[in-house]
Each structure stands twice: as structure tokens, then as C-alpha cells.
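J.: The opening residue of the sequence shown carries number 15 in the working numbering; numbering runs sequentially from there.
This is the structure, below, for whatever I ask next.
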Amino acid sequence: VDVSALGMQGGRDAFRTLLARGVDCTAILCSNDFLAAGVIVESRIAGLQVPVDLSITGYNATEFGAAFDPPIASVQTPVKEHAIAVAESLLAMMREGAKAPHTTIPTLFIPRLSIGPARNSSWPER
15 VDVSALGMQG GRDAFRTLLA RGVDCTAILC SNDFLAAGVI VESRIAGLQV
65 PVDLSITGYN ATEFGAAFDP PIASVQTPVK EHAIAVAESL LAMMREGAKA
115 PHTTIPTLFI PRLSIGPARN SSWPER
């Protein structure tokens, strides 16, 4: 796995790919705050305003995301509980005939200024 794909550059590259494919959307949900930051940077270059034209959310609710401009809306999960649940699931699956247990982990959505109401029109012409 190329971990660089999970950082800001990965977000920038992914957003450029969406643009090249002609994708028109009102929101992008990223698997971490660093990807979300890269999407925000690249969306500005494309002439889009976050959150007027595009809402962006991250995951992990990092201090980085909170300090970014605009602050990134994010999903927060308890890291220790998450890690324990993953380890327990893997151990259960490794046992002969065992299925992964169903686990519910508490989450909290932290709304910040990177999200706004969905718009009806297409992105500005580029």
C-alpha cells in the first residue's frame, strides 16, 4: 500500500481524477483529514469555493483538520476502542470457522466550515 496516497497529495490527485472524469458532485467524503485538505487545495485551484460549491468531510477529527482553512468537518471515533475492535475481529476470523464479530463503535460527527447546503447547479465552467 502506498501510504502517500493517504496524505494531502493523494487528495489532490484524487480530486484531479474526478475533474478529468467530468464528475460533478456537491460533497466529497474522505477517509481522513489529510485527504480532505488535499481536495480543498485542488478544488480552489479549479475555481471552486468550499463549502459554497463543494462540501468536504474528513475522518479522524485531527488537530490539523480543525486548523485548516476552512476547518474540515470530520468524523471522530475513539482510536483505542477502534484498534481493539479491529484486533479482536482479526483474531476471531483467524480462528477456524469463526466469523468476525459485529462491533459498534461510537462515532461523533464534528461539523465545521468545510460543509454547507447542497447547491442545485453544476460546477462553474472551467
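Think of the CB as a built atom: it goes at the ideal place given N, C-alpha and C, for glycine as much as any other residue.
Only a predicted model underlies this, so the values are computations on that prediction, with no experimental measurement involved.
With DSSP collapsed to three states, give me the class of residue 34.
T.: Correct three-state label for residue 34: helix.
J.: I'd like to confirm the pairing. Which residues does DSSP put opposite residue 123 in its beta bridges?
T.: BP columns for residue 123 point to 89.
J.: With a Cβ-Cβ cutoff of 9 Å, do residue 129 and residue 75 count as a contact?
T.: No.
J.: Does residue 98 have its Cβ less than 9 Å from a Cβ in chain C?
T.: Note that chain C does not occur in the displayed structure, where there is just one protein chain.
J.: Label residue 140 either buried or exposed according to how many other C-beta atoms from any shown protein chain fall within 10 Å of its C-beta, with 16 as the threshold for buried.
T.: Since pLDDT at residue 140 reaches only 46, below the 50 mark, its modelled position is unreliable, and no value is offered.
J.: Could you pull the start and end residues of the alpha helix (DSSP H) that residue 49 belongs to?
T.: Segment 47–59, the alpha helix (DSSP H) holding residue 49.
J.: Thinking residue 82 and residue 51 are a contact (beta carbons under 8 Å), I'd like their distance in whole angstroms, please.
T.: At roughly 5 Å, the Cβ-Cβ gap stays under 8 Å, so residue 82 and residue 51 are in contact.
J.: Identify the continuous alpha helix (DSSP H) that holds residue 80 and give its terminal residues.
T.: Counting along the chain, the alpha helix (DSSP H) containing residue 80 begins and ends at 77–81.
J.: Just checking, does the segment 77–92 make contact with the segment 45–61 on the three C-beta pairs under 8 Å criterion?
T.: Yes: at least three Cβ pairs fall under 8 Å.
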